[in-house]
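Engineer: Quick one: this structure, given as structure tokens, is what I'll be asking you about.
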Amino acid sequence: MSYAGSIRPVVDRLYIGVRASARERVLAVYAAHGLRPGFESSFYFGLLARPMPADGFAAATTYGGADMTGELEQGIAEVDADGTWRLTDRGRAAALAVQQALGDTAAERWSPGPPFDTVLPGPASVPRLADLVGRLLAAGQATGGPAFRALAPVHEPPDASPAVRLTTRLGALRHHRADAHRAAWQAAGLTVDQVRALPAGPERQALEDETNRRDEPIYQALDQHERLELLAGLGALP
43 MSYAGSIRPV VDRLYIGVRA SARERVLAVY AAHGLRPGFE SSFYFGLLAR
93 PMPADGFAAA TTYGGADMTG ELEQGIAEVD ADGTWRLTDR GRAAALAVQQ
143 ALGDTAAERW SPGPPFDTVL PGPASVPRLA DLVGRLLAAG QATGGPAFRA
193 LAPVHEPPDA SPAVRLTTRL GALRHHRADA HRAAWQAAGL TVDQVRALPA
243 GPERQALEDE TNRRDEPIYQ ALDQHERLEL LAGLGALP
């Protein structure tokens, strides 16, 4: 299996696990702001850095849908005549709070406490892992598709903790693979609905193989030792 195929479930487990653990904390953020969650919850790392152009928005919302009625009604975001989306001040405040909530949750999850802190890497490994993922995001500017380019480089507050940096960067990294997957099934002449309905078998495996091939170049920014370090380090975090 390619490195891209090996690290994908590790990245997904870690990032999705943090988001699941942070659910109540994130909902409390929105309650405090008098808002319902919108696209800024999913794409905060890019939206806080720059407006999202139309092609990036279309790519990033391929699977989740592009209905922005709620965001517009709540004054979270606005769109111009070219289809470029940007956060309002209200949306930006919510997005910053979501970013912090996810980072705080991650820091708690990744601090195992005694007796496990003597055998698990815990917080000590997070700054190095954030640096490695940051190098991937920089390299991905040459290989990523429209969603990735819209969402990276990421926004990080000047005082961002290592946990905030790593969760933010992992969120953006996942879109390099999402672009690769979308390009793979489009090249195969499929629609998103057809891909969702595709059963396990040779055709789905061929899509995964092609996705891995398209996703692999970003990881060439790291040498072999660094790739193993990243895979093992992310895999060791709870």
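Residues are numbered in this note's numbering as their position in the sequence shown, beginning at 1, plus a constant of 42.
Ideal Cβ placement from N, Cα and C applies to all residues, glycine included.
What you are looking at is a predicted structure, and each value in this text was computed from that prediction instead of being measured.
Which residues in the same chain as THR104 place their Cβ atom closer than 7 Å to its Cβ, once the five residues preceding and following it in sequence are excluded?
Structural biologist: Once the five neighbours on either side are set aside, the close Cβ partners of THR104 are ARG224 and VAL234.
Engineer: For a quick check, are the C-beta atoms of LEU174 and LEU249 less than 7 Å apart?
Structural biologist: Cβ distance not < 7 Å, so LEU174 and LEU249 don't count as in contact.
Engineer: Just how far apart, CA to CA, sit THR111 and PHE158?
Structural biologist: Using only the alpha carbons, I get a separation of about 46 Å.
Engineer: Checking the sheet assignment: what are the DSSP bridge partners for LEU129?
Structural biologist: Note: LEU129 sits in a beta bridge opposite ALA119.
Engineer: Got a sec? Which residues, its chain only, sit under 7 Å from ALA230 by beta carbon, not counting five neighbours each side?
Structural biologist: For ALA230, where only same-chain residues beyond five positions count, the Cβ hits under 7 Å are LEU249.
Engineer: Restricting to Cα atoms, I'd like to know which of ALA143, LEU162, ARG134 and GLY80 is closest to ALA278.
Structural biologist: Considering only alpha carbons, the answer is LEU162.
Engineer: Is the beta carbon of ALA220 closer than 7 Å to that of ALA263?
Structural biologist: Against a cut-off of 7 Å, the Cβ pair of ALA220 and ALA263 comes out as no contact.
Engineer: Looking only at its own chain, which residues have a Cβ that is under 7 Å from the Cβ of ALA137, when we skip the five neighbours before and after it?
Structural biologist: Hits under 7 Å: GLU82, TYR86, LEU89, LEU90 and LEU129.
Engineer: Kindly indicate the opening and closing residues of the alpha helix (DSSP H) around ASP97.
Structural biologist: Start and end: 96 to 102.
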